[in-house]
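Report on the structure given below.
There are 2 protein chains.
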Amino acid sequence: MSTAERGKGSRSGLRRTLMTSELLDTATKLFAEKGYEATSLLDIANALNISRPALYHYVSKKEDLLAMLVEQVTNGFAEVLAQLKARDDLTPSEKIADVVALIVRQRAEHSDQFRILDRSEPILPEPLAGEHLAAKRKILREFTALVEAGIEAGEFRRVDARTAALSLLGMCNWVAWWFRPGGDVDSLVATVTGLATGMLAAGENAGRGRQDARTIAEIRGLLDRLEG
Amino acid sequence: MSTAERGKGSRSGLRRTLMTSELLDTATKLFAEKGYEATSLLDIANALNISRPALYHYVSKKEDLLAMLVEQVTNGFAEVLAQLKARDDLTPSEKIADVVALIVRQRAEHSDQFRILDRSEPILPEPLAGEHLAAKRKILREFTALVEAGIEAGEFRRVDARTAALSLLGMCNWVAWWFRPGGDVDSLVATVTGLATGMLAAGENAGRGRQDARTIAEIRGLLDRLEG
């Protein structure tokens, strides 16, 4: 304990939300470097520069960190998606753009969180494994529903909505593997969001149809004048 | 050896190419189930229903399978991309569609190959690890160049080409994790290819521009006839 107690941080000085995020980032970084099994709560306390008792305020065992990861990466996000679906002030395209921006930012800013959770799936204990799977299914269901709503509204091309949702998720999740820390997250988010909406947009042919209709109406007008 | 020798297959009856593909699929399936370390060449020979000496015709040690995987999944594909770049008979959109179709089909039909190689990256020995990394970089470079060529040609929107290439790769690679064996690969390939080209397409406005130009040319032709 004496090693742990040399930590300088005081529990009262830490805000819980920030701490959760910092704790998860620190823990997943250690898991990524040393492996989940080889990392102890003491290692995490040391890396955070707090005492082990202070860490125990947030996690009583290592498994709690996996539960926090599921909450942060899948469960929490499934909730956000469900709330977004209910908003009437946003078009389907805007909703897709918001969702993509949220995921891309999370994967870019906390890439170890997603990577460690992804790699930890085989060792997730129950009931956590079940919750994680249920949340992943909910995310796919909500995402697919968003794509379907966009098709229904005529904003998106008629594509297989489930395949489109999984393609979008793949594009977003992959960011956790390629984006380098310190890169320009805002540019990244803007680019991928643009690609995502472009991927689905009713696009050129629909554009041609509308444009043709307008041009034809104008020519009819001119012909009417010639006849008149 | 006696267990291995009960295999019914004869070496002469196996065509090398098909065998390589079947061998890799069988080996990666076992790696996925039991783990790479826990799988022996004997296990693989048994699963293929051939003798261990027959298997030794193709692989002399387990590491050879990792080399075959790198050849199949990354090295070989980097070659294909380089060849495709040189073809003058295809537009950038057609090239992107071809590349996406190739990757998606490989990820769907041999998902364990990609997944095992991806998960084996930390244990790849040198010089294999270096070759694999070089091939991955070449793939990204060629893919990025294809996107740039499309932007240059006015077919694609002006996006960050590297981010677009990585987004496309993410979308394609993710298939290895979600596509279920026995699913409709042709439909999958068609849908994802459409999403990929849509993602980049110069889109509605450029489409309007081209369409307008054609319509205007037609109207000019009609006016010329009226005047004539």
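So the protein sequences, as listed, match chains A and B. Mapping to the numbering used here: the first sequence position 166 is 166, numbers consecutive. Mapping to the numbering used here: the second sequence position 202 is 430, numbers consecutive. In this text, a Cβ means the ideal position worked out from N, Cα and C, and glycines have one as well. Model, not experiment: these values are computed from the prediction.
Given that a residue counts as buried once 16 or more other Cβ atoms are within 10 Å of its Cβ, and exposed if not, what is residue i?
i: residue 231 of chain B; result: Since pLDDT at residue 231 of chain B reaches only 41, below the 50 mark, its modelled position is unreliable, and the value read off the structure follows with that caveat. The residue in question, residue 231 of chain B, is exposed, as its Cβ has fewer than 16 Cβ neighbours within 10 Å.
i: residue 223 of chain A; result: exposed
i: residue 193 of chain A; result: buried
i: residue 95 of chain A; result: buried
i: residue 182 of chain A; result: exposed
i: residue 294 of chain B; result: buried
i: residue 335 of chain B; result: buried
i: residue 311 of chain B; result: exposed
i: residue 63 of chain A; result: exposed
i: residue 351 of chain B; result: exposed
i: residue 90 of chain A; result: exposed
i: residue 354 of chain B; result: exposed
i: residue 117 of chain A; result: buried
i: residue 49 of chain A; result: exposed
i: residue 389 of chain B; result: buried
i: residue 449 of chain B; result: exposed
i: residue 38 of chain A; result: exposed
i: residue 168 of chain A; result: buried
i: residue 255 of chain B; result: buried
i: residue 153 of chain A; result: exposed
i: residue 226 of chain A; result: exposed
Residue i touches chain B at which residues, Cβ-Cβ below 8 Å?
i: residue 74 of chain A; result: What residue 74 of chain A touches in chain B: nothing, since even the nearest Cβ is about 15 Å away.
i: residue 164 of chain A; result: 419 and 423
i: residue 93 of chain A; result: Within 8 Å Cβ-Cβ: nothing; residue 93 of chain A doesn't reach chain B, min ~12 Å.
Identify the residues that DSSP records as bridge partners of residue i: which are they?
i: residue 384 of chain B; result: B:429
Residue range of the alpha helix (DSSP H) that residue i falls in?
i: residue 281 of chain B; result: 280–284
i: residue 274 of chain B; result: 269–276
i: residue 393 of chain B; result: 389–406
i: residue 322 of chain B; result: 320–337
i: residue 291 of chain B; result: 290–298
i: residue 76 of chain A; result: 76–85
Note down, in chain order, every chain B residue with its Cβ under 7 Å from the Cβ of residue i.
i: residue 199 of chain A; result: 423, 426 and 427
i: residue 111 of chain A; result: The contacting residues do not exist; residue 111 of chain A stays about 13 Å from chain B at best.
So which of the options has the shortest CA-CA distance to residue i?
i: residue 178 of chain A; options: A:53, A:55 and A:112; result: A:112
i: residue 296 of chain B; options: B:360, B:347 and B:326; result: B:360
i: residue 25 of chain A; options: A:115, A:60, A:101 and A:155; result: A:115
i: residue 251 of chain B; options: B:265, B:412 and B:279; result: B:279
i: residue 286 of chain B; options: B:371, B:357 and B:247; result: B:247
i: residue 426 of chain B; options: B:259, B:320 and B:268; result: B:320
i: residue 171 of chain A; options: A:159, A:156, A:129 and A:104; result: A:104
i: residue 77 of chain A; options: A:130, A:159, A:135 and A:43; result: A:135
i: residue 316 of chain B; options: B:262, B:393, B:428 and B:374; result: B:374
i: residue 31 of chain A; options: A:150, A:142, A:175 and A:120; result: A:120
i: residue 429 of chain B; options: B:397, B:401, B:376 and B:384; result: B:384
i: residue 371 of chain B; options: B:268, B:314 and B:345; result: B:314
i: residue 403 of chain B; options: B:329, B:307 and B:449; result: B:329
i: residue 412 of chain B; options: A:163, A:220, A:21 and A:109; result: A:163
i: residue 189 of chain A; options: A:151, A:99, A:225 and A:160; result: A:99
i: residue 79 of chain A; options: A:37, A:128, A:41 and A:140; result: A:140
i: residue 269 of chain B; options: B:394, B:456 and B:288; result: B:288
i: residue 393 of chain B; options: B:447, B:262 and B:309; result: B:309
i: residue 337 of chain B; options: B:455, B:456, B:299 and B:414; result: B:414
i: residue 196 of chain A; options: A:180, A:228, A:219 and A:150; result: A:150
i: residue 301 of chain B; options: B:380, B:356 and B:381; result: B:356
i: residue 70 of chain A; options: A:219, A:53, A:21 and A:54; result: A:21
i: residue 97 of chain A; options: A:191, A:219 and A:228; result: A:191
Can you pull the chain A neighbours of residue i, defined as C-beta to C-beta under 8 Å?
i: residue 388 of chain B; result: 187 and 191
i: residue 385 of chain B; result: 194 and 198
i: residue 401 of chain B; result: 170 and 174
i: residue 249 of chain B; result: None at all; the shortest Cβ gap to chain A is about 24 Å.
Can you pull the chain B residues whose beta carbon is under 9 Å from the beta carbon of residue i, in chain order?
i: residue 137 of chain A; result: Under the 9 Å cutoff, chain B gives no residues; its nearest Cβ is about 12 Å from residue 137 of chain A.
i: residue 60 of chain A; result: By Cβ distance, chain B contributes nothing, its closest Cβ being about 31 Å from residue 60 of chain A, past 9 Å.
i: residue 40 of chain A; result: Within chain B, no residue comes near residue 40 of chain A; the closest Cβ sits about 21 Å away, beyond 9 Å.
i: residue 51 of chain A; result: Result: empty, since nearest Cβ-Cβ is about 33 Å, beyond 9 Å.
For residue i, return the contacting residues in chain A, with the cut-off set at a CB-CB distance below 7 Å.
i: residue 348 of chain B; result: Chain A residues near residue 348 of chain B: none, gap ~13 Å exceeds 7 Å.
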